[in-house]
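Chemist: Structure incoming, see below.
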Amino acid sequence: MKNNRLIVSRVLYTIIPIVLSIVISFVIYKEWVRNINIKLLNIQDVVGTILGIWGTLFGFVITAISILIAFNGSKFTQELRDSGHYQTVMFLYIVTCVIIFGAISCFLPIYIFNIASKRVLAILIFFMIETMIMFGIDILLLFLILRTVTIEG
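Sequential numbering from 584 applies to the sequence shown in the numbering used here.
Here's what the structure looks like:
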């Protein structure tokens, strides 16, 4: 029963942000992107800045995964493993890495070849919202787990 609950929570932690990002991106597209003159917006500068931010976030998440793996024998890690939260945190961090890697892989050629269109901007907005939501969930979940372990310990 506990495993089923963990699987459902992991699926929800993955699916809900994607659906939420699609809805928010669609609203932004309908209200803003559709009416913008793409030639006035220097999309290469925007994409270059976002690629730098994504690279930094990617490095942060990889470092967090490495730290969790490095403290494998600690009491904190054992408590996380016993509660099942360790696997959930690792799963969410890996999903975040995959999303950020996908975003970087998608937008690096766009940056290099200076491709600009409203669709590119809409996809960029989707990935920006998705990474913010996933990164926010990662930080919030880790904060709640640390708080729970600190209160119980």
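Glycine included, each C-beta is placed from N, C-alpha and C at the ideal position.
Taking only the alpha-carbon atoms, compute the straight-line gap between residue 717 and residue 656 and give it to the nearest angstrom.
Modeler: If I take the Cα positions, the gap works out to 27 Å.
Chemist: Just tell me which of 700, 726, 720 has its CA closest to the CA of residue 597.
Modeler: Taking only the C-alpha atoms, the option nearest residue 597 is 720.
Chemist: Give the single residue among 668, 625, 590, 676 whose Cα lies nearest to the Cα of residue 643.
Modeler: Out of 668, 625, 590, 676, 676 has the C-alpha closest to the C-alpha of residue 643.
Chemist: Measuring from the CB of residue 619, is there a heavy atom of the ligand NAP at a distance below 7 Å?
Modeler: The ligand NAP is not among the ligands present in this structure, which contains no ligands whatsoever.
Chemist: Under the rule that 16 or more other beta-carbon atoms within 10 Å means buried, what is residue 603, buried or exposed?
Modeler: Exposed, because fewer than 16 other Cβ atoms sit within 10 Å of the Cβ of residue 603.
Chemist: If distances are taken between C-alpha atoms only, which option among 674, 617, 681, 627 comes closest to residue 690?
Modeler: For residue 690, the nearest C-alpha among the options comes from 627.
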